[in-house]
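The sequence shown maps to residues 1 to 293 in the UniProt record's numbering.
Backbone N, C-alpha and C fix where the C-beta goes; we use that ideal spot for every residue, glycine too.
Have a look at the structure below before the remarks.
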Amino acid sequence: MPFDFSQLDLSIITDHVELALTLALILLVYLIRRYTKRAIRLNQHIDHDKKRQRINAADNSFNFLFVVGLILIWSSELQNIAISIAAFMVALVIATKEFIACIVGAFYRASTRPYQVGDWIKVANFEGEVTDSDWLSTTLFEVDLKGGSYAYTGRTTVVPNSVLLVHTVQNLNYMRRYVTHSFSISRQSDEVNLFEIKEHILAKLKEYSEHFHEVAIRYNSLIEKRLDINISGPEPRVRITTTPEGFNIFTVSLFCPTDEAVEIEQKVTEDFMRFWFDKRQEFLMQRANQEAS
Numbered sequence: 001m002p003f004d005f006s007q008l009d010l011s012i013i014t015d016h017v018e019l020a021l022t023l024a025l026i027l028l029v030y031l032i033r034r035y036t037k038r039a040i041r042l043n044q045h046i047d048h049d050k051k052r053q054r055i056n057a058a059d060n061s062f063n064f065l066f067v068v069g070l071i072l073i074w075s076s077e078l079q080n081i082a083i084s085i086a087a088f089m090v091a092l093v094i095a096t097k098e099f100i101a102c103i104v105g106a107f108y109r110a111s112t113r114p115y116q117v118g119d120w121i122k123v124a125n126f127e128g129e130v131t132d133s134d135w136l137s138t139t140l141f142e143v144d145l146k147g148g149s150y151a152y153t154g155r156t157t158v159v160p161n162s163v164l165l166v167h168t169v170q171n172l173n174y175m176r177r178y179v180t181h182s183f184s185i186s187r188q189s190d191e192v193n194l195f196e197i198k199e200h201i202l203a204k205l206k207e208y209s210e211h212f213h214e215v216a217i218r219y220n221s222l223i224e225k226r227l228d229i230n231i232s233g234p235e236p237r238v239r240i241t242t243t244p245e246g247f248n249i250f251t252v253s254l255f256c257p258t259d260e261a262v263e264i265e266q267k268v269t270e271d272f273m274r275f276w277f278d279k280r281q282e283f284l285m286q287r288a289n290q291e292a293s
C-alpha cells in the first residue's frame with residue numbers, strides 16, 4: 001500500500017525548526033568528520049605523525065564549524081538571552097550602585113590613604129576621630145570642632161565610603177595636640193574704647209601661654225614644614241571690628257594646646273569683662289562728676 005506523504009504532520013518540525021536544524025547539523029558534522037578521519041587513516045601516502053596532525057586539525061575545524069552553525073541556528077534565541085542578561089545586569093547595577101560606590105570608595109581610600117584610624121578628619125558635613133574603617137564605611141567618633149570645645153560629643157557617625165568619591169577629605173590630625181583657637185566677644189557700642197583693653201588682653205594671653213610657648217613654636221614650625229604652608233601662630237592676636245547693627249566685636253586668636261583652648265578662652269573672657277566693666281564704671285563716674293559739678 002503506497003504511503004501518502006500528504007498525511008504527514010509537519011507542524012512539529014516547523015514549530016521547532018531550530019531543534020530540527022541542530023539535529024541535522026549534528027548528524028551532518030558527525031558523518032563528515034567520521035569519513036574524513038577514516039579517509040586520512042586509510043591514506044598510505046601519509047606517515048603516522050602527519051595523520052595525527054591532520055586528524056587533529058580536522059577535529060578542530062569541524063568543532064569550529066559546529067559551533068558557528070549552532071550560533072547561526074540559535075542566533076535569535078541567543079539575542080533574546082543576551083538582552084535578558086543585559087537587562088538583568090543593568091537592574092543589578094542600579095540596585096547595588098551604592099554598594100558598588102562604597103567598594104570603589106574603599107579602593108580610593110586604600111590607594112590615596114587620606115587618613116587612618118586615630119586621625120581627626122572632616123568629610124562632607126561629618127567630622128570627628130576615625131575609630132574604624134572597612135570596605136563599606138568609616139566610623140567617626142564625633143568631636144566638637146564647630147563649637148570650639150574640641151571635646152568628644154559621645155555621638156558616633158558611620159560614613160559610607162561612597163562619600164569619599166564626591167566630597168573633599170580634610171585631615172585635621174594636627175589639631176589633636178595644638179589648634180589655632182579663635183573666639184569673639186561682642187559688646188554694644190558704648191563709651192568704652194576697646195583698643196584700650198587690647199594691650200591688657202595681649203599681656204594676659206602671653207601670661208597664659210608662657211608654659212607652652214616654646215613647644216608651640218616648634219609644633220607650629222613642624223606643621224608648616226609638613227603641610228608646606230604658612231599657618232597663623234604661635235603669637236596671640238587680637239582684632240577689633242564692628243557690625244552693621246552697631247556691635248563691637250573683640251576677636252582673639254591663639255595657637256595653643258587643644259585641651260587648654262576652652263580654659264584659656266574662659267580666662268580671657270573673664271579678663272575682658274573685668275577690664276570692660278572697670279572702664280565703663282570709670283566713664284560713668286566721670287560723667288556723674290561732670291553732671292554734679
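- Under the DSSP assignment, THR156 falls outside any alpha helix (DSSP H), being part of the beta strand (DSSP E) whose first and last residues are 152-160.
- DSSP, reduced to helix, strand and coil, places GLY148 outside both helices and strands of the structure shown, so it counts as coil.
- Linking LYS198 to SER149 through their CA atoms gives a straight-line distance of about 24 Å.
- By the beta-carbon neighbour count (other beta carbons within 10 angstroms, threshold 16), LYS146 is exposed.
- For the options VAL159, ASN80 and PHE250, the alpha carbon positioned closest to that of ARG237 is the one of PHE250.
- Here VAL179 is bridged, per DSSP, to CYS256.
- A distance below 7 Å separates the beta carbons of TYR174 and ILE223.
- Per DSSP, PHE126 is one residue of the beta strand (DSSP E) stretching across 126-133.
- A direct Cα-to-Cα measurement between GLU77 and GLY105 gives close to 39 Å.
- Under the three-state reduction of DSSP, GLU235 is assigned to coil, being neither helix nor strand.
- When only Cα atoms are considered, VAL93 and VAL169 end up about 27 Å apart.
- Straight through space, the alpha carbons of PRO114 and ILE121 are spaced by roughly 9 Å.
- Counting along the chain, the unbroken alpha helix (DSSP H) around ILE40 starts and ends at 17-42.
- The alpha-carbon separation between VAL29 and ILE71 amounts to approximately 15 Å.
- Counting C-beta pairs with one atom in each stretch, the stretch 239-248 and the stretch 153-167 have fewer than three that are closer than 8 Å, which means they do not touch.
- Around the beta-carbon of GLU210, fewer than 16 other beta-carbon atoms lie within 10 Å, marking it exposed.
- Within 10 angstroms of the beta-carbon of GLU270 lie fewer than 16 other beta-carbons, which makes it exposed.
- Taking a cut-off of 8 Å for Cβ pairs, the stretch 251-267 and the stretch 174-185 touch, as three or more such pairs fall below it.
- Between ARG33 and PHE62, the C-beta gap is smaller than 7 Å, which places the two residues in contact.
- Of all alpha-carbon atoms in LEU25, ASP59 and ARG239, the one lying nearest the alpha-carbon of ILE40 is that of ASP59.
- When DSSP states are grouped into helix, strand and coil, GLN188 belongs to the strand group.
- LEU194 sits in coil when the DSSP states are folded into three classes, being neither helix nor strand.
- The closest CA to that of PHE141, considering only SER75, ARG52 and GLU127, is found on GLU127.
- Scanning its chain for C-beta atoms nearer than 6 Å, with the 5 sequence neighbours on each side dropped, one finds around THR241 the residues ILE249, in chain order.
- About 5 Å separates the beta carbons of VAL192 and ARG280, which is inside the 8 Å limit, making them a contact pair.
- Its Cα nearest to that of VAL158, the residue TRP135 stands out among TRP135, THR96 and SER75.
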